[in-house]
Structures are given as structure tokens and as C-alpha cells.
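With the first letter of the sequence shown counted as 1, position 12 gets the number -6 in the working numbering; the numbers rise by one all the way through.
Here's the structure, in C-alpha cells; my notes come after.
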Amino acid sequence: EIMREMQEMEDRLMALNVEKNQLESEHARMPTHTTGKTMRERQRRQQVEERLDEIAKECSYLRLRIKRRGMFPG
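Listed below in C-alpha cells is the structure:
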């Protein structure tokens, strides 16, 4: 049970890292000026930045849980 839970957390962490890399790549290609060309570009930039923040928080939470599980298995 614990091993399955650990594997699920590690799998989720890996999936989040893949998504993070994709979003960071997209973000790097966006115009650097804050106004953007269109409302849609500004909205997308904001969505990407918000999602990156969410991913960072979830990854941090998962890493902490994995670490604690490793220290106290059972």
C-alpha cells in the first residue's frame, strides 16, 4: 500500500515536471514586454504563469510527502 502510494506520488511529480517544462518553453517564446500584442496573448501569459505557480506548489508538497514517507515508512 505504501509502495503504491509512493509510486503514485512519484508518477504525479514526473507528470508535473513534464508539464512545467512545456509551459516554461512556451513562456520563454512569449514576448518579453508586459503588454503583449493582443488581449489573448496577455491572458495566455497570465494563465501560463499561474499554472507554473500551481505546479511549483504541488511539486513542493509532493516532494515533502515523499521525503516524509521515506523517513517514516509505515
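Even for Gly, the Cβ is constructed at its ideal location relative to N, Cα and C.
Comparing C-alpha distances from residue 14 to each of 28, 2, 50, 3 shows the shortest one belongs to 28. 8 Å or more divides the Cβ of residue -12 from the Cβ of residue 37.
A Cβ-Cβ distance of about 6 Å is found for the pair residue 44 and residue -6, placing them in contact under the 8 Å criterion. The C-alpha of residue 21 lies about 20 Å from the C-alpha of residue 34. DSSP places residue -17 outside both helix and strand once states are collapsed to three, so it counts as coil. Between residue 51 and residue -16, the C-beta spacing is below 8 Å.
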